[in-house]
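Colleague:
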Amino acid sequence: MSRLAGKVAICTGAGRRNGLGFAILERLAREGCNVVVSDLGSPDRFLGADNIGATDEMRAVTDELASLGVGALAVPCDVRREPDVKKLMDATMERFGRIDILVNNAGVGYMLKPFLENTLDEWQLVLDVNLTGPFLCSQHAARHMIAGGRGGRIINIASQAAKSGFPHLAAYVSSKHGLVGLTRTLAIELGSAGITVNAVCPNHVTTGLGAKQNAYYAALRGQTLDEFMAAMRNRIPLGRPGMPSDTAAAVAFLASDDAQYITGEAMNVSGGEENH
Ligand SMILES: NC(=O)c1ccc[n+]([C@@H]2O[C@H](COP(=O)([O-])OP(=O)(O)OC[C@H]3O[C@@H](n4cnc5c(N)ncnc54)[C@H](O)[C@@H]3O)[C@@H](O)[C@H]2O)c1
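Heads up: the sequence shown begins at 14 in our numbering, then just goes up one per residue.
(1) For L199 versus S151, is the C-beta spacing smaller than 8 Å?
(2) Helix, strand or coil for I112, going by three-state DSSP, please let me know.
(3) For P96, count neighbouring C-beta atoms within 10 Å of its own C-beta (all shown protein chains included) and say buried if the count is 16 or more, exposed if not.
(4) Span of the beta strand (DSSP E) holding M280?
(5) Starting from the Cα of K126, find the closest Cα among G204, L81 and L233 and give me that residue.
(6) Am I right that V98 and L149 are in contact with their C-beta atoms under 8 Å? What's the rounded C-beta distance?
(7) Taking the beta carbon of Q273 as the centre, do at least 16 other beta carbons fall within 10 Å, making it buried, or is it exposed?
(8) For the segment 46 to 74, which segments carrying the beta strand (DSSP E) assignment without a break, of at least 3 residues, lie completely within its bounds, in sequence order?
(9) Shorter than 7 Å, the distance from the beta carbon of H181 to the closest heavy atom of ligand 1, or not?
(10) From E240 to N247, what distance separates their C-alpha atoms?
(11) Are the CB atoms of T276 and G146 within a distance shorter than 8 Å?
(12) For E39 and G66, what's the separation of their Cα atoms in angstroms?
(13) Less than 7 Å between the CB of I65 and some heavy atom of ligand 1, yes or no?
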């Protein structure tokens, strides 16, 4: 497949082998796309080492992507920090001379807590990463896309939580609903420059932060993880939870010329579990 040959894609939060971001970049690379792997790199006060893509892992997955025969670059970037975001775009331009596809994938979704116990700091962190990050990255990437005159693709990794409420995830659900609002507005403003802006809304993927959410909800309901997963499979019309490759395939489609007339959409990748 070479649907994306010669294009350049940046994906944030893509430095972990088990995460959706890596699966997305692997799929884009298999379609011939050059890839920029970005992630936080080092832990901070809220984002502990076991929850982030560390620099070593980011470099290792970048080498793995380069072995597929495309250009691959690793750039640490905290999406909450505008100077980092600017550096991410500048490093991409310096190496590849163009930005065609931005995937806003970095996200924090494992701070599950009853609403009445949520602190303002926790709320702010989730909003900063999940919503302000895509605002900053989209703005900086879109400027380069417009200057390049070739249009572009912005794809936001939202969630089932962008369309439905979930207990103990007030900030996450709010940030993902907000991300769909950002998607719809940017689609209108950037359409004249040939930039499409869409969101992908996966349901439960059992890797990455999805695994943490599943473990939390199983305990909350007094179920074993196996019981919780069995109930989930029963609920999903297509009979299984999502896989990273499902989301990656949707992103590759939206990034391709086949999706050139699709913008402002929030596309479910949920096996029919979410039907609005
Ligand atoms: N796994 C699921 O079930 C599921 C379902 C729906 C949506 N999503 C969304 O998919 C995306 C990826 O999630 P995942 O499941 O791969 O989880 P993950 O925890 O493996 O990936 C999230 C990534 O974001 C990075 N990140 C966190 N804060 C950052 C910051 N400030 N700057 C840059 N990067 C930062 C982390 O380092 C990590 O690599 C998220 O936006 C998530 O909300 C996941």
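The C-beta atom is built at its ideal place from N, Cα and C for all residues, glycine as well.
Modeller: Looking at the atomic coordinates:
(1) yes
(2) coil
(3) exposed
(4) A279 to V282
(5) L233
(6) 5 Å
(7) exposed
(8) 47 to 52
(9) no
(10) 11 Å
(11) no
(12) 16 Å
(13) yes
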